[in-house]
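All residue numbers for the sequence shown refer to my numbering, where the first residue is 215 and numbers rise by one.
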Amino acid sequence: MSELSLTESMARAEIRLAGPARKVRSDRGGTRFAPVVEAELVRLLGKHERPAVLDVLRALEVYCKRLRIKPPSRASIYNAMARVEPPSYPRAALPEAVRRCLHNVGGDRVPGHQVAFAAFNYGDERALSFAAGLPWACLYRAEKVPGFRPKSLALLRAVMSWRGL
(Lines of atoms letter the chains of each structure in order from A and count residues from 1; the text may use other names and numbers.)
(Lines give C-alpha, C1' and ligand atoms only; values in the text may rest on other atoms or scores of the structure.)
Protein backbone atom coordinates (compact mmCIF):
# COMPACT_ATOMS: atom_id res chain seq x y z
CA MET A 1 0.00 0.00 0.00
CA SER A 2 1.36 3.39 -1.00
CA GLU A 3 1.04 6.52 1.14
CA LEU A 4 0.10 8.43 -1.99
CA SER A 5 -2.85 6.28 -2.98
CA LEU A 6 -5.92 8.47 -2.61
CA THR A 7 -8.48 5.66 -2.76
CA GLU A 8 -6.74 3.67 -0.02
CA SER A 9 -6.32 6.80 2.09
CA MET A 10 -10.03 7.62 1.72
CA ALA A 11 -10.95 4.05 2.69
CA ARG A 12 -8.81 4.29 5.85
CA ALA A 13 -10.40 7.65 6.71
CA GLU A 14 -13.92 6.26 6.29
CA ILE A 15 -13.13 3.39 8.66
CA ARG A 16 -11.58 5.78 11.16
CA LEU A 17 -14.49 8.23 11.02
CA ALA A 18 -17.28 5.65 10.83
CA GLY A 19 -17.85 5.71 14.58
CA PRO A 20 -20.96 7.21 16.10
CA ALA A 21 -21.36 10.96 15.95
CA ARG A 22 -20.92 12.88 19.18
CA LYS A 23 -24.06 12.76 21.27
CA VAL A 24 -25.97 15.96 21.90
CA ARG A 25 -26.54 16.73 25.54
CA SER A 26 -30.11 16.31 26.69
CA ASP A 27 -30.04 19.66 28.53
CA ARG A 28 -28.62 21.61 25.58
CA GLY A 29 -30.05 25.12 25.40
CA GLY A 30 -31.62 24.77 28.82
CA THR A 31 -30.39 25.29 32.30
CA ARG A 32 -29.02 23.09 35.04
CA PHE A 33 -29.92 25.55 37.78
CA ALA A 34 -32.14 24.44 40.60
CA PRO A 35 -35.72 25.55 39.88
CA VAL A 36 -35.66 28.03 42.78
CA VAL A 37 -32.43 29.59 41.49
CA GLU A 38 -33.86 29.81 37.95
CA ALA A 39 -37.02 31.48 39.29
CA GLU A 40 -34.96 34.03 41.23
CA LEU A 41 -32.78 34.69 38.18
CA VAL A 42 -35.85 35.27 36.00
CA ARG A 43 -37.20 37.66 38.63
CA LEU A 44 -33.90 39.59 38.74
CA LEU A 45 -33.64 39.79 34.94
CA GLY A 46 -37.31 40.56 34.35
CA LYS A 47 -36.97 44.29 34.88
CA HIS A 48 -37.54 47.01 32.28
CA GLU A 49 -33.89 48.10 32.24
CA ARG A 50 -31.16 45.50 32.06
CA PRO A 51 -29.58 44.98 35.47
CA ALA A 52 -25.81 44.97 35.83
CA VAL A 53 -24.39 41.46 35.73
CA LEU A 54 -22.43 42.02 38.93
CA ASP A 55 -25.58 43.13 40.74
CA VAL A 56 -27.39 39.99 39.59
CA LEU A 57 -24.41 37.84 40.56
CA ARG A 58 -24.22 39.36 44.06
CA ALA A 59 -27.96 39.00 44.62
CA LEU A 60 -27.86 35.37 43.48
CA GLU A 61 -24.86 34.64 45.70
CA VAL A 62 -26.75 35.95 48.74
CA TYR A 63 -29.87 34.00 47.73
CA CYS A 64 -27.94 30.77 47.10
CA LYS A 65 -25.93 31.13 50.30
CA ARG A 66 -29.18 31.33 52.25
CA LEU A 67 -30.41 28.12 50.56
CA ARG A 68 -26.98 26.45 50.78
CA ILE A 69 -26.80 25.99 46.99
CA LYS A 70 -23.78 26.66 44.82
CA PRO A 71 -24.32 30.01 43.05
CA PRO A 72 -24.07 30.21 39.26
CA SER A 73 -21.03 31.64 37.54
CA ARG A 74 -20.90 34.94 35.69
CA ALA A 75 -20.86 33.07 32.35
CA SER A 76 -24.05 31.25 33.37
CA ILE A 77 -25.72 34.59 34.02
CA TYR A 78 -24.73 35.86 30.58
CA ASN A 79 -26.18 32.67 29.07
CA ALA A 80 -29.36 33.19 31.07
CA MET A 81 -29.62 36.74 29.73
CA ALA A 82 -29.67 35.32 26.21
CA ARG A 83 -32.52 32.98 27.25
CA VAL A 84 -34.73 35.62 28.85
CA GLU A 85 -38.13 35.49 27.23
CA PRO A 86 -39.29 38.98 26.21
CA PRO A 87 -42.87 39.95 27.04
CA SER A 88 -45.59 39.77 24.44
CA TYR A 89 -48.16 42.47 23.80
CA PRO A 90 -51.83 42.33 22.81
CA ARG A 91 -52.08 43.56 19.23
CA ALA A 92 -55.03 45.80 20.11
CA ALA A 93 -53.04 47.54 22.87
CA LEU A 94 -50.20 48.56 20.53
CA PRO A 95 -50.22 52.08 19.06
CA GLU A 96 -51.61 52.44 15.55
CA ALA A 97 -48.18 53.36 14.14
CA VAL A 98 -46.77 50.08 15.43
CA ARG A 99 -49.71 47.98 14.20
CA ARG A 100 -49.27 49.39 10.69
CA CYS A 101 -45.69 48.12 10.47
CA LEU A 102 -46.42 44.59 11.75
CA HIS A 103 -46.27 42.82 8.38
CA ASN A 104 -46.84 39.04 8.36
CA VAL A 105 -47.09 38.82 12.13
CA GLY A 106 -50.24 36.96 13.09
CA GLY A 107 -52.04 36.28 16.32
CA ASP A 108 -53.65 38.35 19.03
CA ARG A 109 -50.41 38.64 20.99
CA VAL A 110 -47.16 39.80 19.42
CA PRO A 111 -43.77 38.95 20.97
CA GLY A 112 -41.83 42.03 22.04
CA HIS A 113 -38.82 41.27 19.88
CA GLN A 114 -41.08 41.08 16.80
CA VAL A 115 -42.55 44.46 17.71
CA ALA A 116 -39.06 45.95 17.97
CA PHE A 117 -37.92 44.31 14.72
CA ALA A 118 -40.94 45.57 12.76
CA ALA A 119 -40.83 49.07 14.27
CA PHE A 120 -37.14 49.57 13.58
CA ASN A 121 -37.31 48.09 10.09
CA TYR A 122 -40.63 49.41 8.78
CA GLY A 123 -41.95 51.97 11.26
CA ASP A 124 -42.20 55.73 11.27
CA GLU A 125 -40.99 58.02 14.06
CA ARG A 126 -43.85 57.14 16.39
CA ALA A 127 -43.25 53.40 16.00
CA LEU A 128 -39.51 53.90 16.52
CA SER A 129 -40.13 55.91 19.67
CA PHE A 130 -42.40 53.20 21.04
CA ALA A 131 -39.89 50.47 20.21
CA ALA A 132 -36.99 52.39 21.75
CA GLY A 133 -38.83 52.33 25.08
CA LEU A 134 -39.50 48.57 25.12
CA PRO A 135 -37.93 46.43 27.85
CA TRP A 136 -34.29 45.48 27.40
CA ALA A 137 -35.10 41.84 26.64
CA CYS A 138 -37.14 42.85 23.58
CA LEU A 139 -34.31 44.91 22.10
CA TYR A 140 -31.67 42.34 23.05
CA ARG A 141 -33.58 39.54 21.32
CA ALA A 142 -34.56 41.72 18.34
CA GLU A 143 -30.90 42.42 17.61
CA LYS A 144 -30.40 38.69 17.00
CA VAL A 145 -33.29 38.39 14.49
CA PRO A 146 -31.98 37.99 10.93
CA GLY A 147 -33.32 40.24 8.19
CA PHE A 148 -32.57 43.70 9.53
CA ARG A 149 -31.86 46.45 7.08
CA PRO A 150 -28.33 47.75 7.78
CA LYS A 151 -29.37 51.26 8.81
CA SER A 152 -32.25 49.93 10.92
CA LEU A 153 -29.90 47.60 12.77
CA ALA A 154 -27.47 50.47 13.30
CA LEU A 155 -30.29 52.55 14.78
CA LEU A 156 -31.32 49.70 17.08
CA ARG A 157 -27.73 49.31 18.24
CA ALA A 158 -27.49 53.06 18.83
CA VAL A 159 -30.61 52.96 21.00
CA MET A 160 -29.23 49.96 22.89
CA SER A 161 -25.92 51.73 23.40
CA TRP A 162 -27.63 54.89 24.63
CA ARG A 163 -29.69 52.84 27.09
CA GLY A 164 -26.62 50.94 28.24
CA LEU A 165 -27.67 47.57 26.90
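Don't be surprised by glycine CBs; every beta carbon is placed ideally from N, CA and C. From a predicted model like this one, the values you see are computed outputs, not experimental measurements.
So who's on the other strand from residue i, going by DSSP bridges?
i: residue 323; result: 304
Can you check which of these residues, the options, is closest to residue i by C-alpha distance?
i: residue 250; options: 281, 318, 238; result: 281
i: residue 308; options: 263, 236, 347, 278; result: 347
i: residue 368; options: 335, 352, 312, 341; result: 335
i: residue 306; options: 254, 329, 221; result: 329
i: residue 297; options: 225, 362, 358; result: 358
i: residue 310; options: 332, 352, 295; result: 332
Quick one: is residue i buried, meaning 16 or more other Cβ sit within 10 Å of its Cβ, or exposed?
i: residue 350; result: buried
i: residue 236; result: exposed
i: residue 304; result: exposed
i: residue 233; result: exposed
i: residue 218; result: exposed
i: residue 300; result: buried
i: residue 423; result: Residue 423 cannot be examined here, being either before or after the span of the chain that is shown, 215 to 379.
i: residue 291; result: buried
Roughly how many angstroms separate the alpha carbons of residue i and residue j, rounded to a whole number?
i: residue 283; j: residue 261; result: 24 Å
i: residue 254; j: residue 321; result: 30 Å
i: residue 256; j: residue 338; result: 33 Å
i: residue 294; j: residue 252; result: 9 Å
i: residue 365; j: residue 273; result: 38 Å
Do residue j and residue i have their beta-carbon atoms positioned less than 8 Å apart in this structure?
i: residue 327; j: residue 355; result: yes
i: residue 264; j: residue 379; result: yes
i: residue 286; j: residue 247; result: yes
i: residue 267; j: residue 302; result: no
i: residue 259; j: residue 270; result: yes
i: residue 342; j: residue 353; result: no
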